[in-house]
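Residue numbers (my numbering): 218 to 580. Ideal Cβ positions, reconstructed from N, Cα and C, are used throughout, including at glycine. The model shown is predicted, which means the values in this text are computed figures rather than measured ones. Inspection log for the structure reproduced underneath, given as C-alpha cells.
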Ligand code: F6P
C-alpha cells in the first residue's frame, strides 16, 4: 500500500448534489490516516491550467456532507486540451495541457482526484496516458456514464423532478390541462424516464425513442375523450421527433460540450395546443434539478465513491475510475467508461414497466 503525502482534488463540469460528500470522504481519511496535505484545485481544470488552488484544512471539509454545489467551484469551460484563451482577435481555443502539467508537477502530487462527468473522464484518460496520477470519480445528474450502474447526483435530480411532476398533477387535474415538463439529461433519457415513471407521467419522451407527433397528439386527445381530463407529458431535453432533430438552445465553443440543449418542452406544448386545442402549460425544471442538498442515497454513494477512490490511489491504480456494480463500488479503467455514453436501452425493464402501466413514448 502506497502512503499518500500530497493529494489534490478537483470538481469539473456541471455541478451536482454530492460533490462535497466526495471531497469530504477523500480528504478526511487522507488527513486522518496519512497526515496528507490535501489541496483543492479551484474551478475544475480551469484552476489546474491557471494554477489556482488552496490547501484544505480538516475544518474546510467538515460539515459539508449535506451541502449541494462544490466548495471548490467548477467549470465546464476548462478542458486543458481545448482551453479558451482571450487573444486580441477574440477567444481562441488552444491546447494548454502543458500549463496544467506544469502546475501538477509543481504541486508534487501523489494523486489527483477528478470528480466529474463524461468530459472530465476524457481529460482524466488523456492525462493518465501521459503518466499523471489521476483517479476519476463519476458524477452527473444525467447518469450517462458507461461502466457504472449509477452516477451520484442522479437520485437527487430524480427526486426534484418527481416532486415537480407530483405538484403538476394536482394543478393539471384542477384545470383539466396538459402539463408539459422538460427535464435535463443531455443525450440520455434517464431523468425523464425515472421521474416520469415515479411521477406517473402519461407520456414520456426520451432521446433513445424518437417520437411521432401524431402519436402524442392522439394519446392526449384520447385521454381527454375518455374522461382523463388532464395529461402529464415529461420530455427529456434531448428528446427528438422521428422526423426532426434535437432542439439546441445555444452553442458555445468554450464549453467542453459546445452544445447546450433546451427548448423541446416549449415546442411540444405549442404543437399539442395547435393540434388538439387542449389547454397546455409548460414547465422547464432547468437547474433546480442540480441545486440543493443531495438525497440520502447520493450522500451514501458519494461517500463510498470517495473512500474507494482513495483506496485505488493507495494501490497505485491510476487511470482508474470508481464505479458502482450492483451494490459494490469497485475500480474500472477510465478508458472503459468513456468508450460510449450510457443511454436508455429502449427495451429496458424500466421502459417496459412504463408501457405496461399505459405510458406512451410517442412511438
Ligand atoms: O450534464 C449536466 C447538465 O445539467 C445537463 O443535464 C444539461 O444539459 C447541462 O448540464 C446544462 O449545462 P449548463 O449548466 O452549462 O447550462
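Shown here, residue 262 sits in a helix according to DSSP, grouped into three states. For residue 412, the closest C-alpha among the options 438, 374, 500 is that of 374.
With at least 16 other beta carbons inside 10 angstroms of its own, residue 356 counts as buried. In this structure, residue 229 lies away from residue 354, with their beta-carbon atoms at least 8 Å apart. Shown here, residue 561 sits in coil according to DSSP, grouped into three states, outside any helix or strand.
Taking the CA atoms as reference points, residue 495 sits about 7 Å from residue 395. With contact defined as three or more Cβ pairs closer than 8 Å, the segment 283 to 303 and the segment 252 to 267 are in contact.
The segment 523 to 534 makes contact with the segment 240 to 259: 3 or more CB pairs, one atom from each, lie closer than 8 Å. Residue environment: residue 570 is assigned as exposed (fewer than 16 neighbouring CB atoms within 10 Å of its CB, all protein chains considered). According to the DSSP assignment, residue 574 belongs to no alpha helix (DSSP H), since it is labelled neither H nor E. Here the alpha carbon of residue 277 sits roughly 10 Å from the alpha carbon of residue 289.
Counting of Cβ neighbours within 10 angstroms places residue 544 among the exposed residues, the total staying below 16.
Here the alpha carbon of residue 218 sits roughly 16 Å from the alpha carbon of residue 248.
Relative to ligand 1, residue 235 has its C-beta separated by 7 Å or more from all heavy atoms.
For the pair residue 405 and residue 560, the CB atoms are nearer than the 8 Å cut-off. Between ligand 1 and the CB of residue 401, the shortest heavy atom gap is smaller than 7 Å. When secondary structure is reduced to three states using DSSP, residue 435 falls in the helix class.
One alpha carbon belongs to residue 329, the other to residue 537, and they sit about 11 Å apart. Here residue 339 carries a helix assignment [DSSP, helix/strand/coil]. Residue 365 and residue 554 do touch by the CB rule: their CB atoms are close to 7 Å apart, below 8 Å.
Looking at 284, 246, 449, 399, the one whose alpha-carbon comes closest to that of residue 386 is 449. Exclusion of the five residues before and after residue 426 leaves 563, 578, 580 as the residues of its chain whose Cβ lies within less than 6 Å of its Cβ. The C-beta of residue 236 has 16 or more other C-beta atoms within 10 Å across all chains shown, which makes the residue buried. In this structure, the alpha-carbon of residue 455 lies about 21 Å from that of residue 497. Secondary structure within the segment 376 to 459: the alpha helix (DSSP H) runs of 4 or more consecutive residues, fully enclosed, are 407 to 416, 430 to 442 (chain order).
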